[in-house]
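Quick note: the sequence shown, position 25, residue 24 per numbering that gives the first Met the number 0, numbers continuous.
Note that beta-carbon positions come from the ideal geometry of N, C-alpha and C, so glycine has one too.
Reviewing the structure listed below.
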Amino acid sequence: MHPFFRRHWFLLLLLGVLAIGMAFAPELVGPLSQFPRGWLVALVMFITALPMSLSQITGAISNRRAVGLALLLSIVAAPPLAWVIARVLNDQLGIGLIVAACVPCTLASAAVWTRRGGGNDAIALVVTLVTNLACFLVLPGWLSVLLGKEDYSLDAGALSLRLLMLVVAPVMLAQLLRSSGIVMNWAGKYRVELSTAAQLGMLAMVLFGAVSAGNMLRTIEPGTVNLMEWSLMIGCVLGSHLLLFAAGWIGCRALGEPHGNQLAVAIAGSQKTLMIGLDVALAFGGLAILPMVAYHIIQLVVDTMLVDRLGVKETD
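Here you go:
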């Protein structure tokens with residue numbers, strides 16, 4: 000295989016999946032609706048956690064500086080940062096950017112991207128767990144403070160149960176299976192293959208997101224957003240994400256953390272989940288979904304390039 004394709008295969012497939020999902024959303028939405036997306040999320044979380052030892056996860060939890068910084072960026076810094084940046088956007092687009100900043104770290108991809116770059120994926124996994132489990136309090140709390148209204152719906156109980164099943168249960172099952180020496184040795188032996196499988200699983204999840212986003216974008220009347228507004232929105236979304244990524248990277252380095260922790264904090268502190276974001280953004284009008292969709296696409300593409308450049312070591 001040509002060195003370029005060997006190094007950038009994931010980015011090329013990612014761009015292809017995004018393009019196909021967005022372009023053929025009406026044709027794909029029906030068949031994909033029959034596929035249990037939740038099981039795919041759980042499977043990726045399981046595969047991601049299987050090569051991790053319990054000591055890695057507990058070690059990440061005890062690394063208060065790195066985990067604390069990532070949580071600070073994701074939960075505390077991101078929403079007010081988006082509120083400030085959103086001042087230059089029209090009302091619905093600005094609200095959409097704020098919603099994108101308030102949702103938790105994206106399921107699975109933060110850990111998968113971190114592992115791809117040879118970073119400390121246990122830290123990314125812990126941040127994913129904490130932000131998703133806390134989002135039923137964090138999300139409505141921030142939206143109430145920043146938007147001053149509560150005309151959105153969020154079933155906290157159902158959301159918590161779903162996240163427990165999709166995020167916590169697969170990680171616990173993986174750790175339970177690792178108590179068997181056979182499984183532990185097998186997971187260690189095939190760590191690279193499991194990492195590749197997790198990345199392919201993420202591409203399947205990206206297809207779901209691209210189809211969902213593409214289908215929703217078709218509900219927006221043509222010409223509702225002009226080219227200048229599109230460009231400004233994309234610039235705001237890109238700026239928000241890069242500021243959080245840079246804060247995680249530089250802040251973690253300032254704390255004296257190793258390179259692998261810097262990568263984990265930068266990714267987990269800046270990535271946001273499309274799954275929850277789209278549902279909440281729709282409550283504020285069709286245009287509010289645009290920043291959420293843009294954030295999803297930008298974080299996937301930009302972080303893939305950043306990980307390939309900043310990563311400790313290629314793991315695919």
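For residue i versus residue j, is the C-beta spacing smaller than 8 Å?
i	j	result
Leu-206	Leu-13	no
Met-291	Gly-147	no
Met-215	Ile-288	yes
Met-228	Leu-92	According to the sequence shown, residue 228 is Glu rather than Met. Yes; because the gap between Cβ atoms is below 8 Å, this pair is in contact.
Leu-262	Gly-213	no
Ala-65	Asn-260	yes
Gly-16	Ala-69	The amino acid at residue 16 is misidentified as Gly; the sequence shows Val. No; because the gap between Cβ atoms is not below 8 Å, this pair is not in contact.
Gly-234	Ser-269	no
Ala-186	Pro-50	yes
Leu-176	Val-182	yes
Ala-107	Met-201	yes
Between which two residues does the alpha helix (DSSP H) harbouring residue i extend?
i	result
Ala-109	108-115
Gly-180	180-188
Pro-169	168-176
Pro-257	Counting along the chain, Pro-257 falls outside any alpha helix (DSSP H), and DSSP gives it neither H nor E.
Met-164	First-last for Met-164: undefined, no H or E at that position.
Thr-130	120-146
Thr-47	36-48
Gly-310	Here Gly-310 belongs to no alpha helix (DSSP H), and DSSP marks it neither H nor E.
Gln-55	53-61
Val-28	24-32
Restricting to Cα atoms, I'd like to know which of the options is closest to residue i.
i	options	result
Ala-293	Gly-118, Val-75, Ile-60, Ser-230	Ser-230
Gly-29	Val-210, Val-191, Ala-168, Val-144	Val-210
Ser-52	Asp-120, Val-83, Gly-116, Ser-32	Asp-120
Ala-77	Leu-289, Ala-267, Leu-162, Phe-283	Ala-267
Ile-46	Arg-190, Leu-162, Trp-248	Arg-190
Leu-241	Arg-177, Val-126, Leu-72	Leu-72
Thr-223	Lys-188, Gly-284, Ala-173	Gly-284
Ala-81	Asp-90, Ile-97, Phe-244, Gly-67	Ile-97
Gly-156	Gly-140, Leu-136, Leu-175	Leu-136
Ala-59	Ala-282, Ala-123, Val-144, Phe-9	Ala-123
Ile-56	Ile-297, Met-171, His-258, Leu-243	Met-171
Ala-99	Leu-277, Ala-282, Val-306	Leu-277
Asn-62	Asn-184, His-295, Glu-256, Phe-244	Glu-256
Gly-37	Ala-282, Asn-184, Pro-169, Glu-192	Pro-169
Asp-90	Leu-145, Leu-128, Phe-9	Leu-145
Trp-330	Leu-243, His-258, Ser-194	A question about residue 330 goes unanswered here, because the residues of the chain that appear run from 0 up to 315.
Trp-141	Pro-79, Leu-128, Ser-178	Pro-79
Gly-118	Leu-254, Ala-245, His-258	His-258
Return the Cβ separation of residue i and residue j in integer angstroms, given the expectation that the two are a contact with Cβ distance under 8 Å.
i	j	result
Thr-272	Cys-101	About 11 Å separates the two Cβ atoms, so there is no contact after all.
Ala-24	Arg-308	Not quite, the Cβ-Cβ distance comes to about 31 Å (not below 8 Å), so this is no contact.
Glu-251	Val-264	Sequence inspection shows Cys at residue 251; the Glu mentioned does not correspond to that position. Cys-251 to Val-264, Cβ: 4 Å. Contact.
Leu-138	Leu-162	Their Cβ separation, rounded to whole angstroms, is 12 Å, which puts Leu-138 and Leu-162 out of contact at 8 Å.
Ala-41	Leu-165	5 Å
Ser-239	Ile-84	6 Å
Leu-39	Met-204	6 Å
Ala-173	Ala-48	4 Å
Ala-197	Val-301	With 8 Å as the limit, Ala-197 and Val-301 do not qualify as a contact, their Cβ atoms being about 20 Å apart.
Leu-27	Gly-20	7 Å
Val-306	Arg-115	5 Å
Gly-180	His-295	That pair is no contact at about 40 Å.
Say whether chain D places a C-beta atom closer than 8 Å to the C-beta of residue i.
i	result
Trp-8	The structure shown has no chain D; it contains just one protein chain.
Q | Minimum length 4: unbroken alpha helix (DSSP H) runs contained in the stretch 238-300 | A | 258-267, 273-280
Q: Jot down the residue ranges of each uninterrupted alpha helix (DSSP H) in the stretch 67-111, minimum 4 residues, whole runs only, in chain order.
A: Runs of the alpha helix (DSSP H) spanning 4 or more residues and lying entirely within the stretch 67-111 occur at 77-84, 90-101, in chain order.
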